[in-house]
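Chemist:
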Amino acid sequence: MEQYIMLNTLKKIPKKISIPLSIFAVIVFIITVILLNLEKIVEKVSTRFINGRVVVEDIDLSFSKPVIKNITLYDDKNNVLFNSPEVIADISFKNLVKGRIDELDVNSAVVNVARDKDGIINFTKLSKTKSEEKPKNPIDKIVASNVEVNYEDYTFPTKLERKIENINAIVTASKEKLVETADIDIKDKNIELKTLFKDESNDKLASLQAKLKIDKFLLDKDLLKSLANNKKLHFSDVNITSDLFLKTDKTMKNTNIIGNLDIISDFFRYDDVDTDIKNIKLSGKFNGRDGEANLGLNIFGTNKDFSLTYKDEELNSVINFDRVDENILNKIIPIREKKLDLKNINIEDIKTIVHYSDNRGLSIKTTMKPNNSEFKGIELNDFNLYISSKAGKNNLSARILTKIKGITENIALSVENQKTNTDIILALKSPVKDNIIPDINIRGKIENQKDILKANIDSNIVDFNMDYQKDKKLAKIYGNKFTINYDVDKKKLTDGKGKIPFEIYHTGNYLDFTAKDNKIEIKELKLADKSNKNNTFIAKGNANLDNGEFSLNYEGKATSIKRKVKENDLILSFDGKGKIENKKNILTSQGNIENLSLEYIGKIEKINGTYNFKKVGKDIEANLNTKIASIGYDKYKFENFNLVVNYSGNQVKIKDFSNNLISLKADYNVDSQKINSNVSINRLTNKDVYLS
Numbered sequence: 000m001e002q003y004i005m006l007n008t009l010k011k012i013p014k015k016i017s018i019p020l021s022i023f024a025v026i027v028f029i030i031t032v033i034l035l036n037l038e039k040i041v042e043k044v045s046t047r048f049i050n051g052r053v054v055v056e057d058i059d060l061s062f063s064k065p066v067i068k069n070i071t072l073y074d075d076k077n078n079v080l081f082n083s084p085e086v087i088a089d090i091s092f093k094n095l096v097k098g099r100i101d102e103l104d105v106n107s108a109v110v111n112v113a114r115d116k117d118g119i120i121n122f123t124k125l126s127k128t129k130s131e132e133k134p135k136n137p138i139d140k141i142v143a144s145n146v147e148v149n150y151e152d153y154t155f156p157t158k159l160e161r162k163i164e165n166i167n168a169i170v171t172a173s174k175e176k177l178v179e180t181a182d183i184d185i186k187d188k189n190i191e192l193k194t195l196f197k198d199e200s201n202d203k204l205a206s207l208q209a210k211l212k213i214d215k216f217l218l219d220k221d222l223l224k225s226l227a228n229n230k231k232l233h234f235s236d237v238n239i240t241s242d243l244f245l246k247t248d249k250t251m252k253n254t255n256i257i258g259n260l261d262i263i264s265d266f267f268r269y270d271d272v273d274t275d276i277k278n279i280k281l282s283g284k285f286n287g288r289d290g291e292a293n294l295g296l297n298i299f300g301t302n303k304d305f306s307l308t309y310k311d312e313e314l315n316s317v318i319n320f321d322r323v324d325e326n327i328l329n330k331i332i333p334i335r336e337k338k339l340d341l342k343n344i345n346i347e348d349i350k351t352i353v354h355y356s357d358n359r360g361l362s363i364k365t366t367m368k369p370n371n372s373e374f375k376g377i378e379l380n381d382f383n384l385y386i387s388s389k390a391g392k393n394n395l396s397a398r399i400l401t402k403i404k405g406i407t408e409n410i411a412l413s414v415e416n417q418k419t420n421t422d423i424i425l426a427l428k429s430p431v432k433d434n435i436i437p438d439i440n441i442r443g444k445i446e447n448q449k450d451i452l453k454a455n456i457d458s459n460i461v462d463f464n465m466d467y468q469k470d471k472k473l474a475k476i477y478g479n480k481f482t483i484n485y486d487v488d489k490k491k492l493t494d495g496k497g498k499i500p501f502e503i504y505h506t507g508n509y510l511d512f513t514a515k516d517n518k519i520e521i522k523e524l525k526l527a528d529k530s531n532k533n534n535t536f537i538a539k540g541n542a543n544l545d546n547g548e549f550s551l552n553y554e555g556k557a558t559s560i561k562r563k564v565k566e567n568d569l570i571l572s573f574d575g576k577g578k579i580e581n582k583k584n585i586l587t588s589q590g591n592i593e594n595l596s597l598e599y600i601g602k603i604e605k606i607n608g609t610y611n612f613k614k615v616g617k618d619i620e621a622n623l624n625t626k627i628a629s630i631g632y633d634k635y636k637f638e639n640f641n642l643v644v645n646y647s648g649n650q651v652k653i654k655d656f657s658n659n660l661i662s663l664k665a666d667y668n669v670d671s672q673k674i675n676s677n678v679s680i681n682r683l684t685n686k687d688v689y690l691s
């Protein structure tokens, strides 16, 4: 009966009131269900955003100060990353409507940081999404009390375990600043420090303050090795003490540093360098506007001291190294393993001058005394390097004077970078016109975009563009008439086709090709004299980039090259055809020589005959069987020579070098540079050598 009366009463409620009342009742019901299951909802929602889950034992809701009991963060393998028995959130109504928290108090939290066997930190695996946006902090203030950090590293043969206890911190933030103030206090058995940070910057002015007071900071060698995450690095324990105060507006003019900093370590070693860096001591003393930092160490058995001074609104440092020679270079293990001939390297007085000021920005200048150091026929005569950086613009310029096989060459490099754009200019130029080494002039523009790197290269030899997709690691190299696609990750030429035009030695040339899956068909490689298009060199064939095998057939018609070698002209012209191939790591070539002429100091005309060549590993064998029409030097001229030569095992055997007047046979050892010869002369008069 009562239910019937209640039903009639509800029916009598006007619809204008009953409908909103029903909606309100539904909302209240939903909220009640949510509140009763809030802990489970938090866990379920958290899995949508992280590779893990957040588990809450209890949430005590209050309008202004909700308390979360026993909150735990797990990763996707159910390992505990974070736990706190109590987290209190202080939320004002003003911030509630803005979605911000006034204050978050975290008590007695335990943070477990672990590096797995692959060297990856557990916290870096949490995020499911990557964002390019600047992180936003929804909390005005965090107060952390009695925090404990446990660190484990599984890359060590035996798991490394370390702990830092009694960490207390107060960090404030704003909507504009991720960190506005920070007050961190650590009182652990190995670390006793207190640091204060304050950012009072605004839109018009930067203003930063920092204080670092370290009474004890012992970093043990194993923890340092773990933090470095490089198996080749080895450390001793490091001790740090400090009492520093810094105030700056990010300009040198208005920067004040007061106090001292000392870092001491017995040694440091890198496996690729066969020496220990010992007795390392970094000491800095600053008094407001002036200061000095000194670094002392022992490297390559020599005590070195480096200093940096801060005075008159400038930072200055001069870094000197006495020498770099064969002994020092061979202490670098990757160099030593190559068994390079470094006996002619003796570089002295290597000086680097470092400067920084608000007006000039950062500049680094390096000079040295090369002493004509030589490596593989390249002699270094002079070297200058200059680097500068100011207002987001970075520049590098280098001037290098060399001799390549006795031929003087000047190298100039210029690089300018600003934000995502980089301009490069490289020039190789000889003071001697028409040198045997061609001049090279390259201009490059590189644009480093978010997902792609674009390059445009202009040179006096070949022009091309490149688009590199960073995520896919795919490069597209192209010009007006050709395209090449290359997989950088697989180091494989995917496909390509077209004609690549290029110039060298005043010849207009091109390479007509098709390519697929690291295999290239050379339809035609053509070198043509610009002044006479009938003078050509043409090659056709194929190449396999997977195994290095190739096969080329070539033919030269009145091919001619004229260049300078040191002070004299070298003129080479020939007709001929032949084949060169590399198969199963055996390089072979054979062919006919027709009307080959060579002019350099002397003049050799019309060499006709055959040649063959074979190279297996380091072993080379070559044979030459020719006839020479004439050999001339100065006013002398000899005619109608036979020339039969064999090269094998570093021995040159001249089996026959003769005409009707002279006969020569000889053996020459390339290694010892010794010669045994037998010369016979039938007759030799002025008339025979065309000397009037």
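The sequence shown begins at 0 in numbering that gives the first Met the number 0 and counts up by one. Note that beta-carbon positions come from the ideal geometry of N, C-alpha and C, so glycine has one too.
(1) CA-CA distance, TYR485 and GLU502?
(2) With distance defined between alpha-carbon atoms, name the residue in ASP462, VAL487, GLY478 and PHE463 nearest to LYS469.
(3) Would you report the Cα separation of LEU473 and ALA454, rounded to the nearest angstrom?
(4) Please determine, among ASP117, PRO84 and PHE305, the residue with the shortest C-alpha to C-alpha distance to VAL55.
(5) In this structure, how does DSSP classify PRO156 when only helix, strand and coil are distinguished?
(6) So, is VAL25 buried or exposed, given that buried needs 16 or more other C-beta atoms within 10 angstroms?
(7) Should TYR635 be labelled buried (16 or more other beta-carbon atoms within 10 Å of its own) or exposed?
(8) Please state whether DSSP places VAL32 in a helix, a strand or coil.
(9) Given a cut-off of 7 angstroms on the beta-carbon distance, is the pair LYS210 and LEU195 in contact?
(10) Pull up the CB-CB distance for LEU294 and PHE305, whole angstroms please, since I reckon it's below 8 angstroms.
(11) So who's on the other strand from LEU663, going by DSSP bridges?
(12) In terms of residues, what are the limits of the alpha helix (DSSP H) holding ILE226?
(13) Which of the three DSSP states, helix, strand or coil, is assigned to ARG359?
(14) In three-state terms, what does DSSP make of GLU85?
(15) By DSSP's criteria, ARG268 is part of a beta bridge. Which residues make up the other side?
(16) Go to PRO333, then tell me how far its alpha helix (DSSP H) extends in each direction, as first and last residue.
(17) Between the C-alpha atoms of THR247 and GLU199, what's the straight-line distance to the nearest angstrom?
(18) Answer with buried or exposed for ALA205, where buried requires no fewer than 16 other C-beta atoms within 10 angstroms of its C-beta.
(19) Among the residues of its own chain, which have a CB less than 6 angstroms from the CB of ALA628, if the five just before and after it don't count?
(20) Near SER362, what residues of its chain come up, given a Cβ to Cβ distance below 6 angstroms and the 5 sequence neighbours on each side ignored?
(21) Roughly how many angstroms separate the alpha carbons of SER657 and GLU620, rounded to a whole number?
(22) By the DSSP assignment, the alpha helix (DSSP H) with ILE499 in it spans what residues?
(23) So, under 8 angstroms CB-CB, LEU223 and PHE216 are touching, yes? Tell me the CB distance rounded to an integer number of Å.
(24) Drop a sphere of 10 angstroms on the beta-carbon of ILE256, count the other beta-carbons inside from all chains shown, and report buried for 16 or more, exposed for fewer.
(25) Determine, using beta carbons only, whether ILE406 and ILE436 come nearer to each other than 7 angstroms.
(26) Could you tell me how far apart the beta carbons of ASN121 and SER144 are, in whole angstroms, since I believe they sit closer than 8 angstroms?
(27) Please classify ALA542: is it buried, with 16 or more other beta-carbons within 10 angstroms of its beta-carbon, or exposed?
(28) Out of LYS203, ASN165 and THR171, which has the shortest C-alpha to C-alpha gap to ILE185?
(29) With three or more beta-carbon pairs closer than 8 angstroms as the criterion, would you say the stretch 389-399 touches the stretch 334-347?
(30) Counting C-beta neighbours from all protein chains within 10 Å, is the total for SER647 16 or more, i.e. buried, or is it exposed?
(31) Exposed or buried, what is ASN479 when buried is set at 16 or more other beta-carbons lying within 10 Å of its beta-carbon?
(32) Return helix, strand or coil for ASN315, following the three-state DSSP convention.
(33) What is the residue span of the alpha helix (DSSP H) that ASN189 lies within?
(34) Do you know how far the Cα of LYS532 is from the Cα of LYS539?
(35) Would you say ILE138 and LEU192 are within 7 angstroms of each other, going by their C-beta atoms?
(36) What residue does the alpha helix (DSSP H) around ASN370 start on, and which one ends it?
Modeler: This is what the structure gives:
(1) One alpha carbon belongs to TYR485, the other to GLU502, and they sit about 24 angstroms apart.
(2) Of the candidates ASP462, VAL487, GLY478 and PHE463, the one whose C-alpha sits nearest the C-alpha of LYS469 is VAL487.
(3) Cα atoms of LEU473 and ALA454: separation of roughly 14 angstroms, rounded to the nearest angstrom.
(4) Measuring from the Cα of VAL55, the nearest candidate turns out to be PRO84.
(5) The answer is coil: DSSP assigns PRO156 none of H, G, I, E or B.
(6) Since pLDDT at VAL25 reaches only 40, below the 50 mark, its modelled position is unreliable, and the value read off the structure follows with that caveat. Classification for VAL25: exposed.
(7) By the Cβ-count criterion, TYR635 is exposed, with fewer than 16 other Cβ atoms from all chains shown falling within 10 Å of its own Cβ.
(8) Note on VAL32: pLDDT 37, under 50, position unreliable in the model; the coordinate value appears next. Annotated three-state conformation of VAL32 is helix, per DSSP.
(9) Taking a C-beta distance under 7 angstroms as the contact criterion, LYS210 and LEU195 qualify as a contact pair.
(10) Indeed they touch by this definition, with Cβ atoms about 5 angstroms apart.
(11) Residue pairing of LEU663 in beta bridges, as defined by DSSP: PHE656 and VAL678.
(12) Just to set this straight, residue 226 is Leu in the shown sequence, not Ile. Run containing LEU226: 220-227, per the alpha helix (DSSP H) assignment.
(13) Note: ARG359 maps to coil in three-state DSSP.
(14) Strand, per DSSP.
(15) Paired residues: HIS233.
(16) For PRO333, the uninterrupted alpha helix (DSSP H) segment begins and ends at 332-336.
(17) Taking the CA atoms as reference points, THR247 sits about 11 angstroms from GLU199.
(18) Around the C-beta of ALA205, fewer than 16 other C-beta atoms lie within 10 Å, and the residue is accordingly described as exposed.
(19) Once the five neighbours on either side are set aside, the close Cβ partners of ALA628 are GLU604 and LYS605.
(20) So the list reads HIS354 and SER387, once near-sequence residues are dropped.
(21) Whole-angstrom Cα-Cα distance: 23 angstroms.
(22) Counting along the chain, ILE499 falls outside any alpha helix (DSSP H), though it belongs to the beta strand (DSSP E) covering 491-503.
(23) At roughly 12 angstroms, the Cβ-Cβ gap does not stay under 8 angstroms, so LEU223 and PHE216 are not in contact.
(24) By the Cβ neighbour-count rule, ILE256 is buried, with 16 or more other Cβ atoms within 10 Å of its own.
(25) Yes, Cβ-Cβ distance for ILE406 and ILE436 is below 7 angstroms.
(26) So it is not a contact: roughly 24 angstroms between Cβ atoms.
(27) Classification for ALA542: buried.
(28) Among LYS203, ASN165 and THR171, the Cα nearest to that of ILE185 belongs to ASN165.
(29) With a cut-off of 8 angstroms, the stretch 334-347 and the stretch 389-399 do not count as touching, because too few Cβ pairs lie within range.
(30) It counts as exposed.
(31) Result: exposed.
(32) Per DSSP, reduced to three states, the secondary structure at ASN315 is strand.
(33) Neither: ASN189 is in no alpha helix (DSSP H) and is coded neither H nor E.
(34) If you take the alpha carbons of LYS539 and LYS532, they lie about 19 angstroms apart.
(35) In this structure, LEU192 does not lie closer than 7 angstroms to ILE138 by Cβ.
(36) Segment: none, ASN370 is in no alpha helix (DSSP H) and carries neither H nor E.
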